[in-house]
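Notes follow the structure.
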Amino acid sequence: MAPTVVLRPLEQLVVVELSGIINSDFLTKCQGTCKILDIDSEQPMMQVGRYVFAGEYDDALGTCVLFEEGQSSGADPEASPELSYKCHTVKRLMMQRTFLAEKKEGDNSSGDFQFQPLSDGMSPARLDSLSHFIQNPKRTSKPAGEREQTQ
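Start counting the sequence shown at 1; every next residue gets the next number (the UniProt record's numbering).
Take a look at the structure:
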């Protein structure tokens, strides 16, 4: 009888710094869920709610330490949560809010989208009209385990 092998999905923790956020509490409303495209590429993209971010990996100034929040052992519900060390890294993913526009026919640029960076002079109505969601299921990223991990 052959031994049973249990395969678990690979997990990769990434420190992400977002900039260009209009609504400061949108992460709370989205409950931390996001879609990530091409995380192993030079310019990964991320969608959180209706916001789209493009970024690149950068060396952090110092070390980023990640903690996991656990349940407080005391009976006081307002007590500080227990934190336990999860991991550390010297890399971070710097993400800038961006706007996507569909590629026009006859445009010879590469990729399915063109980037339109956030401009301070744009009206909110114009910003909303430029936002599109990433919905192309054909473009997927490589498995997280193929990326070299840095400690």
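All C-beta atoms in this analysis are idealised placements derived from N, C-alpha and C, irrespective of residue type, glycine included.
Keep in mind it's a predicted model, so treat the numbers as computed, not measured.
Residue environment, residue i, which counts as buried when at least 16 other CB atoms sit within 10 Å
i	result
L7	exposed
E146	Because E146 carries a pLDDT of 42, less than 50, the predicted location of this residue cannot be relied on, and no value is offered for it.
Top-ranked residue by Cα proximity to residue i, from the options
i	options	result
V52	C30, D40, M95	M95
M45	L93, L27, Y85, C87	L93
F26	S41, E11, G49	G49
C64	V90, D40, D58	V90
Residues that residue i bridges to, as DSSP identifies them
i	result
L58	Per the sequence shown, residue 58 should be read as Asp rather than Leu. DSSP lists R92 as partners of D58.
E17	M94
C87	L66
Separation of residue j from residue i, as counted between CA atoms
i	j	result
residue 152	V5	Examination of residue 152 is not possible in this model, given that the chain is present from 1 through 151 alone.
G55	K86	24 Å
F67	L83	6 Å
T28	L18	14 Å
F99	Q43	15 Å
Q47	E78	33 Å
E11	A101	32 Å
D38	Q71	34 Å
E69	P81	6 Å
S41	D76	46 Å
P3	K104	55 Å
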